[in-house]
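Colleague: Protein chains in written order, with my numbering: chain A, 23 to 389; chain B, 12 to 406.
Attaching a single structure in structure tokens format; questions to follow.
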Amino acid sequence: MALCWSLPAQAHKSSDSYLHLSVRDAQIAGQWDIALRDLDVALNLDGDADGQLTWGEVRHRKDQIASFALQGLALGTTAGNCVPGESTLLIDQHSDGAYAVLLFTARCAAAVSRLQVTYHLFADIDAGHRGLLNVELAGRTSTHVLGPDAPSVEIGADSAGVWRQMSGYLRTGIHHIWSGFDHLLFLFSLLLPAVLLRHAGRWEPQQQWRAVAKDVFLVVTAFTVAHSLTLGLATFGILHPPARITESAIALSVAIAALNNIFPLVSTKRWLVAFCFGLIHGVGFASVLADLALPRASLAMALVGFNVGVEVGQLAIVALFLPVAFALRATRLYRNALVTGGSVVIAATGVLWFAQRAFDLDLLRLS
Amino acid sequence: MLKFITVWFGLGLALAPVLVPAAPYQPASDDIVLETLPIRNDPSLAALHDLRLAVQRNPHDTDVKLALTRAYIEAARRDGDPRFLGYAQSTLSQWQDGAPTPVPARVLRAIILQSLHHFSAALADLDAALAQSPGNAQALLTRATILTVIGRHAEAQRDCAALLRSAGEVTSTLCQGGVASVTGRLTQAASLAARALDGVPAGDQVSRQWALTLLAETAARQGDLQKAEQYFGQALAADAADRYARTAYCDLLLDMGKPQQVLDLTAALTRDDNLLLRHALALQALHAASLQSALQKDVDELAARHRAAALRGDRTHLREAARFHLVLLQDATAALKLAQENWQVQKEPADARILLESAIAAHDAAARTLVVAWMRHSGLADAKLAALLKATPGE
Numbered sequence: 023m024a025l026c027w028s029l030p031a032q033a034h035k036s037s038d039s040y041l042h043l044s045v046r047d048a049q050i051a052g053q054w055d056i057a058l059r060d061l062d063v064a065l066n067l068d069g070d071a072d073g074q075l076t077w078g079e080v081r082h083r084k085d086q087i088a089s090f091a092l093q094g095l096a097l098g099t100t101a102g103n104c105v106p107g108e109s110t111l112l113i114d115q116h117s118d119g120a121y122a123v124l125l126f127t128a129r130c131a132a133a134v135s136r137l138q139v140t141y142h143l144f145a146d147i148d149a150g151h152r153g154l155l156n157v158e159l160a161g162r163t164s165t166h167v168l169g170p171d172a173p174s175v176e177i178g179a180d181s182a183g184v185w186r187q188m189s190g191y192l193r194t195g196i197h198h199i200w201s202g203f204d205h206l207l208f209l210f211s212l213l214l215p216a217v218l219l220r221h222a223g224r225w226e227p228q229q230q231w232r233a234v235a236k237d238v239f240l241v242v243t244a245f246t247v248a249h250s251l252t253l254g255l256a257t258f259g260i261l262h263p264p265a266r267i268t269e270s271a272i273a274l275s276v277a278i279a280a281l282n283n284i285f286p287l288v289s290t291k292r293w294l295v296a297f298c299f300g301l302i303h304g305v306g307f308a309s310v311l312a313d314l315a316l317p318r319a320s321l322a323m324a325l326v327g328f329n330v331g332v333e334v335g336q337l338a339i340v341a342l343f344l345p346v347a348f349a350l351r352a353t354r355l356y357r358n359a360l361v362t363g364g365s366v367v368i369a370a371t372g373v374l375w376f377a378q379r380a381f382d383l384d385l386l387r388l389s
Numbered sequence: 012m013l014k015f016i017t018v019w020f021g022l023g024l025a026l027a028p029v030l031v032p033a034a035p036y037q038p039a040s041d042d043i044v045l046e047t048l049p050i051r052n053d054p055s056l057a058a059l060h061d062l063r064l065a066v067q068r069n070p071h072d073t074d075v076k077l078a079l080t081r082a083y084i085e086a087a088r089r090d091g092d093p094r095f096l097g098y099a100q101s102t103l104s105q106w107q108d109g110a111p112t113p114v115p116a117r118v119l120r121a122i123i124l125q126s127l128h129h130f131s132a133a134l135a136d137l138d139a140a141l142a143q144s145p146g147n148a149q150a151l152l153t154r155a156t157i158l159t160v161i162g163r164h165a166e167a168q169r170d171c172a173a174l175l176r177s178a179g180e181v182t183s184t185l186c187q188g189g190v191a192s193v194t195g196r197l198t199q200a201a202s203l204a205a206r207a208l209d210g211v212p213a214g215d216q217v218s219r220q221w222a223l224t225l226l227a228e229t230a231a232r233q234g235d236l237q238k239a240e241q242y243f244g245q246a247l248a249a250d251a252a253d254r255y256a257r258t259a260y261c262d263l264l265l266d267m268g269k270p271q272q273v274l275d276l277t278a279a280l281t282r283d284d285n286l287l288l289r290h291a292l293a294l295q296a297l298h299a300a301s302l303q304s305a306l307q308k309d310v311d312e313l314a315a316r317h318r319a320a321a322l323r324g325d326r327t328h329l330r331e332a333a334r335f336h337l338v339l340l341q342d343a344t345a346a347l348k349l350a351q352e353n354w355q356v357q358k359e360p361a362d363a364r365i366l367l368e369s370a371i372a373a374h375d376a377a378a379r380t381l382v383v384a385w386m387r388h389s390g391l392a393d394a395k396l397a398a399l400l401k402a403t404p405g406e
């Protein structure tokens, strides 16, 4: 070889395998994606040496691939090692080529609370190889990178991790209420008249701060109780109305709540409105959690975190809105422009959304 | 607060494709070709296969092992695939953890460490090797290369001079020309490279290619882009497989506003991260609506590769990642952070350029000053850097 004066920086994607382990009691389900190129180096899969790996060549070596790979992995628990059983071989196309996908289950002696994963795949062939490990255990998903320098990791329930994940769901909840225009507009429709009194067909300023506080408290609590109830039921699959109906109903609830400010049917017991429509909004919230595709085991924690997040976000909005509304309540600006005018705008938006969602029209892309 | 949430949420979404397994399938028939193996299809790599078998037969034969390691390193140089470096590293594994290591094994290990950007570990191995075997040509050349990359030019110059005795005039001249080219002595660099090119023995394509690449880079620094283009063309003709020259050529063509040629040079080689980045930059520069989806595909792919690299703790992509963020994602703040991290590790003209470009885009006067101070300290002269500084006088 001539003198080698420079090497380019690593230009390709490095050799990685993707190992996903999902722990259920004493059983571990695994999906392991390993590059066929890497397996060929270890096992000489290209039987006819033509430089092309066919499915036939791979399929015939299935047992060797499985035993070679699983020898490179140890799953240890306090009650001894888990034993891998039958496995299935499939193929997947990653951005850097074709991967063998090994689906397997491993049986452990007892329910697993702590798991030690030791990774030696290709350790003696490729010092640059890494295993990107993704483990679901006790409702938590964690990610680790294993390789010759650090072949082992111990995974188990620790409180810091739970809290970190919980606070993640909490932020998702806050984010959702702040960025979901339909929930915000519904809440505003109910809160706008809270600093006013309906008297002889007209809005009058409410003099009592306590009465305002009580009204707001009732509305917010009713909305919260209602949506928490349906959020829980929908998250656990007890309630599953079609998304189109839920989303249309949410739009309608926005329109009705706003119209109620212009032509009041319910003026003293608005908390009832909040409760009834809150039930529908809860189902809407659940679709956000469903989109996160959480493992069933972490659903309860996600639900609590997300719901608390929604409440925190909601209270923050109330805290911002209420002092301003209370200060402005005696002005014409508030009573005419904000309550009546604002409600007209909100009602119109709600109707538009309803049309869009119920009849699939593309009128206004807002939420 | 909202920004914080967005960032947090975005991070979660960004990691998802790396971590969430896609949908596996069972191929419909045995004849379906799943993968084309580079090692069997490239004749220069076929020799590797034989060496690998030889090592399996004689696991205690040091010479065969070293030959295999060299072949892996050569394959990595030509192909840019880090797997070969991993194989090379593993082949040397018996000399790990302070085991007494023969000089050739030490030098090969240093080359591997260098390409993983573990520069101080590589220098330690080279210092030890040269203490035992002072004239070792490969050790001197590798040390000169590392010292040039990290900006210790005077020491690099000394190693280049020492090469005269152990490696001959061509190598020593090219080595010195390389240092001259990044320290502002451009006329000297060009004449050294030209002289070396005249002396390259017939058949030594590596030296010929090195000389032409140096001529091209020096011409570009002088601002003579047409001349640089000619030299790069010749360099690629000498060795079409060389990724360093191809990547540098693409950068020149992008500067010259010739993205179509960059597409031609990269289209078949986008498995290579560096060339994929140039491919995407060329698509962006063409400004065609019909290319938007192809560009988006490249950007998504690059993002996925950078995430995977970051996840495994790989620090060799920093310069490229900075450019990706600056030009394709147009996130000057992130780009500057990456360019600054990169600057901690290496100080080649391209590192100075991405740092300066990010500093200008992010309106960071301190980072800009850092580049100016470095140019003054090292003597680095570069037409492109000068133009950038002139266009944004003392922000």
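Ideal placement from N, C-alpha and C gives every residue a C-beta, glycine not left out.
Residue 278/B: which of 309/B, 104/B and 77/B sits nearest, CA to CA?
Modeller: Mapped onto the second sequence, residue 278/B falls at position 267. Nearest of 309/B, 104/B and 77/B to residue 278/B, Cα basis: 309/B.
Colleague: Within the same chain, show all residues whose beta-carbon is closer than 7 Å to that of residue 86/A, passing over the 5 residues directly before and after it, in chain order.
Modeller: Looking up residue 86/A in the first sequence gives position 64. For residue 86/A, where only same-chain residues beyond five positions count, the Cβ hits under 7 Å are 65.
Colleague: Which ranges would you report for the alpha helix (DSSP H) in the stretch 204-230 of chain A if only whole runs of at least 4 residues count?
Modeller: Whole alpha helix (DSSP H) segments, 4+ residues: zero.
Colleague: Using 10 angstroms around the beta-carbon of residue 369/B, count the other beta-carbons present and answer buried if the total reaches 16, otherwise exposed.
Modeller: As a first step, residue 369/B is located in the second sequence; it is residue number 358 there, counting from the start. It counts as buried.
Colleague: Looking at the unbroken beta strand (DSSP E) that takes in residue 106/A, where does it start and where does it end?
Modeller: Locating residue 106/A in the first sequence gives position 84, counting from the first residue. Its beta strand (DSSP E) spans residues 105-116.
Colleague: Of the choices 335/A, 375/A and 358/A, whose alpha-carbon is the least far from that of residue 200/A?
Modeller: As a first step, residue 200/A must be located in the first sequence, where it is residue number 178. Checked all of 335/A, 375/A and 358/A; the closest Cα to residue 200/A is 335/A.
Colleague: With DSSP as the reference, identify every bridge partner of residue 38/A, one or two as the case may be.
Modeller: For the purposes of this step, residue 38/A is identified with residue 16 of the first sequence, where counting begins at 1. Partner(s): 152/A.
Colleague: Can you find the residues in the same chain that come closer than 7 Å, C-beta to C-beta, to residue 122/A, ignoring five residues on each side of it along the sequence?
Modeller: As a first step, residue 122/A must be located in the first sequence, where it is residue number 100. These residues qualify, in order along the chain: 56, 58, 61, 80, 87, 111 and 113.
Colleague: Compare the beta carbon distance of residue 9/A and residue 129/A with 9 Å and say whether it is the shorter of the two.
Modeller: Absent from the model: residue 9/A. The displayed extent of chain A is 23 to 389, so no value can be given.
Colleague: Mind reading off the beta-carbon distance from residue 379/A to residue 266/A? Whole number of angstroms is fine, and I expect it under 8 Å.
Modeller: Within the first sequence, numbered from 1, the residue matching residue 379/A stands at position 357. Within the first sequence, numbered from 1, the residue matching residue 266/A stands at position 244. Right, the Cβ-Cβ distance comes to about 7 Å (below 8 Å), so this counts as a contact.
Colleague: So, does the stretch 190-207 of chain B touch the stretch 149-168 of chain B, judging by three or more C-beta pairs under 8 Å?
Modeller: Touching, yes, given that three or more Cβ pairs across the two stretches are closer than 8 Å.
Colleague: What in chain B is Cβ-close to residue 58/A, meaning under 9 Å?
Modeller: For the purposes of this step, residue 58/A is taken as residue 36 along the first sequence, with counting starting at 1. Correct list: 45, 46 and 48.
Colleague: Relative to the C-alpha of residue 193/A, which candidate in 327/A, 75/A and 71/A has its C-alpha closest?
Modeller: Walking along the first sequence from the start, residue 193/A turns up at place 171. Cα-wise, what sits closest to residue 193/A is 327/A.
Colleague: Can you give me the C-alpha to C-alpha distance between residue 54/B and residue 261/B, rounded to a whole angstrom?
Modeller: Against the second sequence, residue 54/B aligns to sequence position 43. Against the second sequence, residue 261/B aligns to sequence position 250. Between residue 54/B and residue 261/B, the C-alpha separation is close to 26 Å.
Colleague: Which residue or residues does DSSP assign as beta-bridge partners of residue 126/A?
Modeller: Residue 126/A sits at position 104 when you count from the first residue of the first sequence. Answer is 52/A and 109/A, bridged to residue 126/A.
Colleague: Which stretch, first to last residue, makes up the alpha helix (DSSP H) that contains residue 140/A?
Modeller: In the first sequence, counting from the first residue as 1, residue 140/A sits at position 118. It is not in any alpha helix (DSSP H) - residue 140/A instead sits in the beta strand (DSSP E) that spans 136-141.
Colleague: Which residues in chain B sit within 8 Å of residue 167/A, going by Cβ to Cβ distance?
Modeller: To locate residue 167/A, count along the first sequence from 1; it is residue 145. Result: 322, 323 and 324.
Colleague: Run through chain A and tell me which residues come within less than 7 Å of residue 101/B, C-beta to C-beta.
Modeller: Numbered from its first residue, the second sequence carries residue 101/B at position 90. Neighbours of residue 101/B on chain A, chain order: 146, 147, 148 and 149.
Colleague: If you measure beta-carbon to beta-carbon, which residues of the stretch 115-129 of chain A are closer than 7 Å to chain B?
Modeller: Cβ contacts with chain B come from 117, 118, 119, 120 and 123.
Colleague: Rounded to whole angstroms, what's the CA-CA distance from residue 179/B to residue 148/A? Just pull it up for me.
Modeller: Within the second sequence, residue 179/B is the residue found at index 168, counting from 1. Within the first sequence, residue 148/A is the residue found at index 126, counting from 1. Between residue 179/B and residue 148/A, the C-alpha separation is close to 35 Å.
Colleague: Which word fits residue 184/B, buried or exposed, when buried means at least 16 other C-beta atoms lie within 10 angstroms of its C-beta?
Modeller: By 1-based counting over the second sequence, the position of residue 184/B is 173. Buried, by the Cβ-count rule.
Colleague: Can you tell me the Cβ-Cβ gap for residue 323/B and residue 38/A, rounded? I've got them flagged as a contact below 8 Å.
Modeller: Along the second sequence, one-based indexing puts residue 323/B at 312. Along the first sequence, one-based indexing puts residue 38/A at 16. Rounded, the Cβ-Cβ distance is 7 Å, consistent with contact.
Colleague: In chain B, what lies closer than 7 Å to residue 81/A by C-beta?
Modeller: In the first sequence, counting from the first residue as 1, residue 81/A sits at position 59. Correct list: 41.
Colleague: For residue 74/A, report the span of its beta strand (DSSP E) as first-last.
Modeller: The residue you call residue 74/A lines up with position 52 of the first sequence. Unbroken beta strand (DSSP E) run through residue 74/A: 74-76.
Colleague: Excluding sequence positions up to five away, which residues of its chain have a Cβ less than 6 Å from the Cβ of residue 170/B?
Modeller: Numbered from 1 along the second sequence, position 159 holds the residue referred to as residue 170/B. So the qualifying residues of the chain are 151, 154 and 155.
Colleague: On the DSSP bridge list, what partners appear for residue 166/A?
Modeller: Position 144 of the first sequence holds residue 166/A. Paired residues: 155/A.
Colleague: Does chain A have any CB closer than 9 Å to the CB of residue 104/B?
Modeller: Position 93 of the second sequence, counted from the first residue, corresponds to residue 104/B. So, interface residue.
Colleague: Could you spell out where the alpha helix (DSSP H) holding residue 278/A opens and where it closes?
Modeller: Walking along the first sequence from the start, residue 278/A turns up at place 256. Unbroken alpha helix (DSSP H) run through residue 278/A: 265-284.
Colleague: Would you give the residue range spanned by the beta strand (DSSP E) that residue 45/B belongs to?
Modeller: As a first step, residue 45/B must be located in the second sequence, where it is residue number 34. It spans 44-47 - the beta strand (DSSP E) in which residue 45/B sits, taken as one unbroken run.
Colleague: Measure the Cβ-Cβ separation of residue 303/A and residue 275/A and say whether it is below 9 Å.
Modeller: Counting from 1 along the first sequence, the entry for residue 303/A is found at position 281. Counting from 1 along the first sequence, the entry for residue 275/A is found at position 253. Yes, the Cβ-Cβ distance between residue 303/A and residue 275/A is below 9 Å.
Colleague: So, at 7 Å on beta carbons, what are the nonlocal neighbours of residue 343/B in its own chain, with the 5 sequence-adjacent residues on each side left out?
Modeller: For the purposes of this step, residue 343/B is taken as the residue at position 332 of the second sequence. The answer, listed in chain order, is 337, 369, 372 and 373.
Colleague: Count the other CB atoms within 10 Å of the CB of residue 100/B; is the residue buried (16 or more) or exposed (fewer)?
Modeller: Taking the second sequence and counting its residues from 1, the one referred to as residue 100/B is at position 89. Buried, by the Cβ-count rule.
Colleague: Mind checking which residues open and close the alpha helix (DSSP H) that includes residue 229/B?
Modeller: By one-based count along the second sequence, residue 229/B stands at place 218. Per DSSP, residue 229/B belongs to the alpha helix (DSSP H) from 216-233.
Colleague: Say whether chain A places a C-beta atom closer than 9 Å to the C-beta of residue 476/B.
Modeller: The question about residue 476/B has no answer, for chain B in this structure spans 12 to 406.
Colleague: DSSP three-state call for residue 260/A: helix, strand or coil?
Modeller: Position 238 of the first sequence, counting from 1, holds the residue named residue 260/A. Residue state, collapsed to three classes: coil.
Colleague: What does residue 296/B reach in chain A if we use C-beta pairs closer than 9 Å?
Modeller: Taking the first residue of the second sequence as 1, we reach residue 296/B at position 285. Within 9 Å Cβ-Cβ: nothing; residue 296/B doesn't reach chain A, min ~21 Å.
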